[in-house]
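Working notes, structure below.
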Amino acid sequence: MRSKKTLLALGFFLILGVMSLVGSEVNASSPQLKITPELKEKFTLKPHHEKLSFKCVDCHEGQGDDPENFKAIDDKGCLSCHKTKQYLADRLKFMDNLHTNPHNSIHDGPKLYCDECHFEHKKSDNMCLSCHSNDVKLWMRPTP
Amino acid sequence: MIKKIFLIIKNNMLLTVLVGVLVGLLSSWILYEGLHRTSDDKFCVVCHEMKPMVAAYHNDVHGGAGKIGIKVTCVTCHLPHDNVFAYIATKARNGAVEGAIHFFGNVDAIDWQANRANRAHFVKDEACVGCHTNYKTNEAISEQGRKMHAHYDSLKDTAKEISCASCHVEVGHKGLRSMLNYYKPEYEYYKGKLDKKKEEAEKKLAEELKK
């Protein structure tokens, strides 16, 4: 009777163990990507992302396994880590006092697309410059 | 003389042990009191240069602004916890170094915004993990969040190690960058134009500290 109980408990833990293994397997199995040094050279990351050792698929999620065919990622991709546009606006709240917050534009509020200013693999831009060519550099730093 | 003391100890082993324990208890109690008194916002804000950090702390869920009203003491996040001796050593060192800069250096020249880049060094992950124990498995955290936490784990103890605060900016101090700017604007353009915000912040800070 006693050994039966022990066996039952053992079986239970075994199943649990296997289950947790399977669970972690799912997380680890992203498509096998071949990232050559040339690719890394061609698609360099911005220093603020580079120093966190992000992998291509951390941004290019679900875009297949051919890096050459990766597409741009949209706001949703950025916000999976950067929370919400309102949160980003709040991080630069001090600028709101002079209506210069790029994340909470006096014209459009916290609604602009990230890629109106930020790029990952090339130099960023700043859409405010198209009308305020002289003032923007006083209001904020160059877009990171 | 020494021989005599030795003899007393030898003949009164029990008493010596008892006295030893008592002295040990007493000194740890004093130590505890000392550490504790120097652990919270009221102590840290004694130096005016800590004001913006304490003000931003009061706006954060870790500083009493949340629904459940938890208030995590400053040194929980800012001193190592793994070892009592390291704890006291860092504490003494911090006190000494910070004190010295305060009295001999020009604290107003410190660039706090730039200093934030060092946050991995002065924020202790053990504290975060100590409370957020299930950060790896918590289903309430988004999928990307859990993926990032696995990423964090995979870099642990490697040369590329990152910290909780590498990603979770302004944790413990909601709106830290803005608060620093109210006290001392980063860019020329804002100088003299945010003083009203600073006044508001100072007023709120004074009220919070009275609580």
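Protein chains in written order, with the numbering used here: chain Y, 79 to 222; chain L, 371 to 581.
Glycine included, every Cβ here is placed at the ideal spot set by N, Cα and C.
request  = Pull up the distance between the alpha-carbon of residue 559 of chain L and that of residue 147 of chain Y, whole angstroms please.
outcome  = C-alpha of residue 559 of chain L to C-alpha of residue 147 of chain Y: approximately 43 Å in a straight line.
key: Opening and closing residue of the alpha helix (DSSP H) in which residue 585 of chain L lies   = Because chain L in this structure spans residues 371 to 581, residue 585 of chain L falls outside the shown range and cannot be described.
query = Could one say the Cβ of residue 148 of chain Y lies closer than 9 Å to chain L's Cβ atoms, at least one of them?
reply = At least 9 Å separates the CB of residue 148 of chain Y from every CB of chain L.
task = Grab the span of the alpha helix (DSSP H) containing residue 576 of chain L for me, first residue to last.
result = Its alpha helix (DSSP H) spans residues 565-580.
key: With 16 other Cβ atoms within 10 Å as the buried cut-off, status of residue 571 of chain L   = The residue is buried, with at least 16 neighbouring Cβ atoms inside 10 Å.
inquiry  = Beta-carbon within less than 6 Å of residue 506 of chain L's beta-carbon, same chain only, minus the 5 sequence neighbours each way: which residues are those?
reply    = Counting only Cβ-Cβ distances below 6 Å, and skipping sequence neighbours, we find 519.
task = Taking 9 Å as the cut-off, decide whether the C-beta atoms of residue 350 of chain L and residue 578 of chain L are in contact.
result = With chain L running from 371 to 581 in the structure shown, residue 350 of chain L is simply not present.
query = Applying a beta-carbon distance threshold of less than 8 Å, which residues of chain Y neighbour residue 547 of chain L?
reply = By Cβ distance, chain Y contributes 169, 170 and 172.
query = So with Cβ pairs under 9 Å, would you call residue 420 of chain L a contact of chain Y?
reply = Chain Y contact via Cβ: absent.
query = Should the stretch 538-558 of chain L be called in touch with the stretch 166-174 of chain Y, which here means at least 3 C-beta pairs below 8 Å?
reply = Yes: the two stretches touch, three or more of their Cβ pairs being nearer than 8 Å.
query = What is the rounded straight-line gap between the Cα of residue 492 of chain L and the Cα of residue 209 of chain Y?
reply = So the alpha carbons of these two residues sit roughly 42 Å apart.
query = chain L partners of residue 159 of chain Y, CB-CB under 8 Å?
reply = Within 8 Å Cβ-Cβ: 514, 518 and 537.
inquiry  = So if DSSP puts residue 441 of chain L in a beta bridge, which residue, or which two residues, is it bridged to?
reply    = Bridge partners of residue 441 of chain L according to DSSP: L:433.
ask   = Checking contacts by CB at 9 Å: is residue 217 of chain Y closer than that to chain L?
value = Yes, residue 217 of chain Y counts as interfacial toward chain L.
inquiry  = Assuming the contact rule is C-beta atoms closer than 8 Å, residue 542 of chain L and residue 432 of chain L should be a hit. Round their C-beta distance to whole Å, please.
reply    = That belief holds up - the Cβ atoms of residue 542 of chain L and residue 432 of chain L are roughly 5 Å apart, short of 8 Å.
request  = Please list, in chain order, all residues of the same chain as residue 126 of chain Y whose beta carbon is under 8 Å from its beta carbon, the five residues on each side excluded.
outcome  = Around residue 126 of chain Y: 222.
query = Mind checking if residue 136 of chain Y is an interface residue toward chain L, Cβ cutoff 9 Å exclusive?
reply = Yes - at least one Cβ of chain L is within 9 Å of the one on residue 136 of chain Y.
query = Which one or two residues does DSSP pair with residue 512 of chain L in a beta bridge?
reply = DSSP output for residue 512 of chain L lists no bridge partner at all.
inquiry  = Within 10 Å of its beta-carbon, does residue 531 of chain L have 16 or more other beta-carbons around it, so buried, or fewer, so exposed?
reply    = By the 10 Å Cβ count, residue 531 of chain L comes out exposed.
key: Interface partners of residue 567 of chain L on chain Y, CB under 8 Å   = Under the 8 Å cutoff, chain Y gives 172 and 175.
task = Please list, in chain order, all residues of the same chain as residue 480 of chain L whose beta carbon is under 7 Å from its beta carbon, the five residues on each side excluded.
result = Excluding sequence positions up to five before and after residue 480 of chain L, its CB lies within less than 7 Å of the CB of 419, all in the same chain and listed in chain order.
query = Counting contacts by CB-CB distance shorter than 9 Å, is residue 94 of chain Y in contact with chain L?
reply = Residue placement at residue 94 of chain Y is flagged as unreliable, the pLDDT there being 40, under the threshold of 50; the coordinate-derived value follows with that caveat. No, no contact with chain L.
key: Cutoff 8 Å; reference residue 527 of chain L; Cβ partners in own chain excluding five residues on either side   = Answer for residue 527 of chain L: no residue qualifies.
task = Determine the direct distance from the alpha carbon of residue 490 of chain L to that of residue 534 of chain L, and round the result to whole angstroms.
result = Rounded to the nearest angstrom, the two C-alpha atoms are 8 Å apart.
message = Between which residues of its own chain and residue 248 of chain Y is the CB-CB distance below 7 Å, once the five residues before and five after are set aside?
response = Nothing about residue 248 of chain Y can be read from this structure; chain Y reaches only from 79 to 222.
query = Does DSSP classify residue 89 of chain Y as helix, strand or coil?
reply = Note that residue 89 of chain Y has pLDDT 46, beneath the 50 cutoff, so the model's placement of it is unreliable and no number is given.
ask   = Three-state secondary structure (DSSP) at residue 562 of chain L?
value = Correct three-state label for residue 562 of chain L: coil.
request  = Let me know the secondary structure DSSP gives residue 536 of chain L once reduced to three states.
outcome  = Note: residue 536 of chain L maps to helix in three-state DSSP.
message = How far does the alpha helix (DSSP H) with residue 115 of chain Y in it extend, from its first residue to its last?
response = In the DSSP assignment, residue 115 of chain Y falls within the unbroken alpha helix (DSSP H) covering 115-120.
key: residue 145 of chain Y versus residue 115 of chain Y - alpha carbon distance   = Going from the Cα of residue 145 of chain Y to the Cα of residue 115 of chain Y covers about 12 Å.
ask   = Are residue 131 of chain Y and residue 538 of chain L closer than 9 Å when you measure CB to CB?
value = Residue 538 of chain L is positioned such that its CB atom lies no closer than 9 Å to that of residue 131 of chain Y.
ask   = Among residues of its own chain, excluding the 5 on either side of residue 99 of chain Y, which ones have a beta-carbon nearer than 6 Å to its beta-carbon?
value = Bear in mind that a pLDDT of 40 at residue 99 of chain Y, under 50, signals an unreliable position, so the model cannot answer this.
ask   = Starting from residue 137 of chain Y and walking both ways along the alpha helix (DSSP H), at which residues does that stretch end?
value = Counted as a single uninterrupted DSSP element, the alpha helix (DSSP H) harbouring residue 137 of chain Y occupies residues 134-137.
Distance, residue 428 of chain L Cα to residue 190 of chain Y Cα = Here the alpha carbon of residue 190 of chain Y sits roughly 31 Å from the alpha carbon of residue 428 of chain L.
inquiry  = Check whether chain Y comes within 9 Å of residue 485 of chain L, counting only Cβ atoms and requiring the distance to be less than that.
reply    = So, not an interface residue.
CB contact check: residue 163 of chain Y to chain L, cutoff 9 Å = Not closer than 9 Å to any Cβ of chain L, the Cβ of residue 163 of chain Y fails to qualify, so no.
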